[in-house]
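Asker:
2 protein chains.
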Amino acid sequence: MSSSIEQKVHAGVLNDYFSVDCVIFGFDFSQLNVLLVDRVMTDELTGKELFNDLTLTGNHIYDDEDLDAAASRVLFDLTGLQNIYLEQFKTFGAPDRINRENDRAWLAANGRDPDKRIVTVGYYSLLATDKVTLEWKGRNVRWTPVAEVTDLAFDHMAILQEALVALRKNLLREPIGFELLPEKFTLSQLQRLYEVILGVALDKRNFRKKVARMKYLVPLEEKQMGVAHKPARLYVFDRDLYEKNRKELLDFAI
Amino acid sequence: MSSSIEQKVHAGVLNDYFSVDCVIFGFDFSQLNVLLVDRVMTDELTGKELFNDLTLTGNHIYDDEDLDAAASRVLFDLTGLQNIYLEQFKTFGAPDRINRENDRAWLAANGRDPDKRIVTVGYYSLLATDKVTLEWKGRNVRWTPVAEVTDLAFDHMAILQEALVALRKNLLREPIGFELLPEKFTLSQLQRLYEVILGVALDKRNFRKKVARMKYLVPLEEKQMGVAHKPARLYVFDRDLYEKNRKELLDFAI
DNA sequence: CCAGCTTAGTGTTACTTTTACACTTAATAA
DNA sequence: TTATTAAGTGTAAAAGTAACACTAAGCTGG
Numbered sequence: 005m006s007s008s009i010e011q012k013v014h015a016g017v018l019n020d021y022f023s024v025d026c027v028i029f030g031f032d033f034s035q036l037n038v039l040l041v042d043r044v045m046t047d048e049l050t051g052k053e054l055f056n057d058l059t060l061t062g063n064h065i066y067d068d069e070d071l072d073a074a075a076s077r078v079l080f081d082l083t084g085l086q087n088i089y090l091e092q093f094k095t096f097g098a099p100d101r102i103n104r105e106n107d108r109a110w111l112a113a114n115g116r117d118p119d120k121r122i123v124t125v126g127y128y129s130l131l132a133t134d135k136v137t138l139e140w141k142g143r144n145v146r147w148t149p150v151a152e153v154t155d156l157a158f159d160h161m162a163i164l165q166e167a168l169v170a171l172r173k174n175l176l177r178e179p180i181g182f183e184l185l186p187e188k189f190t191l192s193q194l195q196r197l198y199e200v201i202l203g204v205a206l207d208k209r210n211f212r213k214k215v216a217r218m219k220y221l222v223p224l225e226e227k228q229m230g231v232a233h234k235p236a237r238l239y240v241f242d243r244d245l246y247e248k249n250r251k252e253l254l255d256f257a258i
Numbered sequence: 005m006s007s008s009i010e011q012k013v014h015a016g017v018l019n020d021y022f023s024v025d026c027v028i029f030g031f032d033f034s035q036l037n038v039l040l041v042d043r044v045m046t047d048e049l050t051g052k053e054l055f056n057d058l059t060l061t062g063n064h065i066y067d068d069e070d071l072d073a074a075a076s077r078v079l080f081d082l083t084g085l086q087n088i089y090l091e092q093f094k095t096f097g098a099p100d101r102i103n104r105e106n107d108r109a110w111l112a113a114n115g116r117d118p119d120k121r122i123v124t125v126g127y128y129s130l131l132a133t134d135k136v137t138l139e140w141k142g143r144n145v146r147w148t149p150v151a152e153v154t155d156l157a158f159d160h161m162a163i164l165q166e167a168l169v170a171l172r173k174n175l176l177r178e179p180i181g182f183e184l185l186p187e188k189f190t191l192s193q194l195q196r197l198y199e200v201i202l203g204v205a206l207d208k209r210n211f212r213k214k215v216a217r218m219k220y221l222v223p224l225e226e227k228q229m230g231v232a233h234k235p236a237r238l239y240v241f242d243r244d245l246y247e248k249n250r251k252e253l254l255d256f257a258i
């Protein structure tokens, strides 16, 4: 990931062939959301709204810019967030991936050749919605529950779906969820996280037995305060312990 | 994957910005190999050999060509193979990924601008070495044991390593190995496959117990013939049974 | 202050999977 | 007929999975 200065000031030339699209998932304990950008096009003469739809947060990359850095920059431009890990999950390059009328009109209106192919590298990230300030440079960006997204511009619906598959696969293998929780969290919060992202219900007792085997989930002598029910014990994720005890997953399905 | 005609005849223009690199793994029951191309450069005047190294099988893609189709075409051009499944695993786009002297000289000698960045989409495939004929259009392509590859042109060493990680991850989740075996195979062959690709030793009895649980591995009333030891029972992989009984992997590591 | 609300927290049993480990069997070759 | 080679087999202990229902602790409102 590039430094903040590189992210903010970029001297290169935007490259017409490459873009990155970032699928920014936002977790909020009740559902999984995705960051979408309003795309409104109005007729220049009449002022009439031609269409108003949604896209993922993507953009072209600079000619001398690393792919990962470009993804970070785009995320920064849209949200002001920095030092967020973005995972590259797939590259989309069908020659006809931009073929709908709205998309072609949009590109033309923005000074791009709608017939020029664009290969886009997909990244995803997973954030806690409440850590993101969406009042940023007046961009028209907002969280939408993933379950409610039915259509997006370009091939972004397909990109979103692939990102969700990649996110879930990754969550099943790596403890990527702790970034989303407060430093001290309860087991119910952790369980909720898995349920929301994986879209399943988990048994509380079995979940806790599993947690008990993970030595890097350290119980504290500290409880929630100010909740209107029995306060839960707080836990922390010990990254060092995790790294040391991480064993190769060699459990294979033939 | 495109049809064979599309693979052979392509009318478009090669795009200078994009390439695909195919990491073709070859399994031969004794080791895991990778298909590499000799890259020899000689001084035009003196005829002296300037360098002689190895690259992955990659090439630029056509402007109107799908990424997956481009990977298939490159594989076809180099090996004559068709209808081989190629899995996209990662895209490499560091602006300085081509910076070594040999690589720059090579590009210049081949009429390309060494300062122009090239983003390459990585694909891998897994074949049985004995199914591949390397006498194809006189290309200088050959199998090299993965364990013996120490250096490659461009950033191909890094691409190879990432491909191997992706291959192993995939083999642990999906039964991708059966393409490499004869239609009827023995359990020892299957075990050997896993050992060679994953680079581990597996216990014979435990392996067989695991196989016994996989209902889509169907034992036949048929044995090996002509071997100088106790003949092994033959098995087939029943893809239909696999597809029907495939269950969601929801076994997560918190 | 106590009754009610809400979420935290806990244990057992049956079953399945994993791990570690060594000898017998069946074919060909010499 | 014997040697060589790889195939094939069982068990016990430990760990993990799955299903399942009640009590505990704090706050709230009357």
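For the record, the sequence lines run as chains A and B. Just so we're aligned: the first sequence equals residues 5 to 258 in the numbering used here. Just so we're aligned: the second sequence equals residues 5 to 258 in the numbering used here. Positions of the beta carbon are idealized from the N, C-alpha and C atoms, including for glycine.
At a Cβ threshold of 8 Å, is B/T190 touching chain A?
Answerer: B/T190 does not count as touching chain A.
Asker: When the Cα atoms are used, what is the spatial distance from A/P179 to A/F33?
Answerer: If you take the alpha carbons of A/P179 and A/F33, they lie about 17 Å apart.
Asker: Can you list, in chain order, the residues of its chain whose CB lies under 8 Å from that of A/L131, leaving out five sequence neighbours each side?
Answerer: Excluding residues within five positions, the ones whose Cβ falls inside 8 Å are I28, F29, G30, F31, L85, I88, E183 and L184.
Asker: Taking C-alpha atoms, which residue in A/I102, A/L224, A/S129 and A/L245 lies nearest to A/R237?
Answerer: When each option's Cα is compared against that of A/R237, the closest is A/L224.
Asker: Within 8 Å (strictly less), CB to CB, does A/S7 reach chain B?
Answerer: Bear in mind that the predicted position of A/S7 carries a pLDDT of just 39, short of 50, making it unreliable; the figure below should be weighed with that in mind. No, because no Cβ of chain B sits closer than 8 Å to the Cβ of A/S7.
Asker: So A/L156 packs on A/R146, CB below 8 Å; how close in whole Å?
Answerer: The Cβ separation is near 13 Å, so there is no contact.
Asker: From the DSSP output, in three-state form, read off B/K227 for me.
Answerer: Three-state result, B/K227: strand.
Asker: Starting from A/E166 and walking both ways along the alpha helix (DSSP H), at which residues does that stretch end?
Answerer: First-last of the alpha helix (DSSP H) with A/E166: H160 to R177.
Asker: Going along the chain, which residues of its own chain have a beta-carbon closer than 7 Å to the beta-carbon of A/L206, five neighbours each way excluded?
Answerer: Closer than 7 Å at the Cβ level, and outside the excluded window around A/L206, lie Q195, Y198 and E199.
Asker: Contact check, B/L71 vs B/V125 under 8 Å by CB: the rounded distance?
Answerer: With 8 Å as the limit, B/L71 and B/V125 qualify as a contact, their Cβ atoms being about 5 Å apart.
Asker: I'd like to know whether the C-beta of A/L245 is nearer than 8 Å to at least one C-beta of chain B.
Answerer: With 8 Å as the cut-off, A/L245 does not count as an interface residue toward chain B.
Asker: Select from B/V17, B/F22 and B/C26 the residue whose C-alpha is nearest the C-alpha of B/A3.
Answerer: Nothing in the structure corresponds to residue 3 of chain B, since chain B is present only between 5 and 258.
Asker: If you follow the beta strand (DSSP E) that A/R116 is part of, which residue opens it and which one closes it?
Answerer: First-last for A/R116: undefined, no H or E at that position.
Asker: Can the beta-carbon of A/L191 be found less than 8 Å from the beta-carbon of A/R212?
Answerer: Contact: yes.
Asker: Under a CB-based cut-off of 8 Å, is A/S23 close to chain B?
Answerer: No, A/S23 does not count as interfacial toward chain B.
Asker: Does A/R104 have its Cβ less than 8 Å from a Cβ in chain B?
Answerer: For A/R104, the answer is no, since every Cβ of chain B falls outside 8 Å of its Cβ.
Asker: I'd like the list of long-range same chain contacts for A/D3, defined as Cβ closer than 7 Å, with 5 residues on each side in sequence excluded.
Answerer: Residue 3 of chain A lies beyond the range of chain A shown here (5 to 258); nothing can be said about it.
Asker: Classify A/R172 as buried or exposed, calling it buried when 16 or more other Cβ atoms lie within 10 Å of its own Cβ.
Answerer: Counting Cβ neighbours within 10 Å, A/R172 comes out buried, since at least 16 surround it.
Asker: Would B/V44 and B/N56 be called neighbours here (beta carbons separated by less than 8 Å)?
Answerer: Yes.
Asker: Note down, in chain order, each residue of its chain lying with its Cβ closer than 7 Å to the Cβ of B/E247, except the 5 sequence neighbours on either side.
Answerer: Here the set comprises nothing.
Asker: When you compare only the Cα positions, how much space is there between B/D117 and A/T154?
Answerer: Roughly 44 Å separates the two Cα atoms.
Asker: Along chain B, in chain order, which residues have C-beta atoms closer than 7 Å to that of A/D67?
Answerer: Per Cβ cutoff of 7 Å: R121.
Asker: Does any C-beta atom of chain A lie closer than 8 Å to the C-beta of B/T137?
Answerer: Answer no: the Cβ-Cβ gap between B/T137 and chain A never drops below 8 Å.
Asker: Under 8 Å, Cβ to Cβ, is there at least one residue of chain A near B/L224?
Answerer: Answer no: the Cβ-Cβ gap between B/L224 and chain A never drops below 8 Å.
Asker: How long is the line joining the alpha carbons of A/R177 and A/P186, rounded to whole angstroms?
Answerer: Approximately 21 Å between the Cα atoms of the pair.
Asker: Quick check on this structure: which residue in B/L202, B/R209, B/P235 and B/Q228 has the alpha carbon closest to the alpha carbon of B/Q35?
Answerer: The option with the nearest alpha carbon to B/Q35 is B/L202.
Asker: Applying a beta-carbon distance threshold of less than 9 Å, which residues of chain A neighbour B/D32?
Answerer: Under the 9 Å cutoff, chain A gives no residues; its nearest Cβ is about 20 Å from B/D32.
Asker: Mark A/E226 as exposed unless 16 or more other C-beta atoms lie within 10 angstroms of its C-beta, in which case mark it buried.
Answerer: Classification of A/E226: exposed, given that the 10 Å Cβ count is below 16.
Asker: Mark A/K94 as exposed unless 16 or more other C-beta atoms lie within 10 angstroms of its C-beta, in which case mark it buried.
Answerer: By the neighbour-count rule (16 or more Cβ atoms within 10 Å), A/K94 is buried.
Asker: For A/L39 and B/T83, I'd like the C-alpha separation in whole angstroms.
Answerer: For A/L39 and B/T83, the distance between alpha carbons rounds to 44 Å.
Asker: Pull up the distance between the alpha-carbon of B/T148 and that of A/V222, whole angstroms please.
Answerer: If I take the Cα positions, the gap works out to 47 Å.
Asker: Under 8 Å, do A/V24 and A/A98 count as touching if we go by C-beta distance?
Answerer: Cβ atoms of A/V24 and A/A98: not closer than 8 Å.
Asker: With which residues is A/P99 paired in a DSSP beta bridge?
Answerer: A/P99 is not bridged to any residue.
Asker: Which residue's Cα is closest to the Cα of A/D68: B/L49, B/T61, B/V123 and B/D134?
Answerer: Of the candidates B/L49, B/T61, B/V123 and B/D134, the one whose C-alpha sits nearest the C-alpha of A/D68 is B/V123.
Asker: Distance check for A/S76 and B/V204, CA to CA, integer angstroms please.
Answerer: Rounded to whole angstroms, B/V204 to A/S76 spans 37 Å at the Cα level.
Asker: Check each residue of the segment 80-102 of chain A: if its Cβ is closer than 7 Å to any Cβ of chain B, include it; give the result in chain order.
Answerer: Here the close residues are Q92, K94, T95, G97, A98 and P99.
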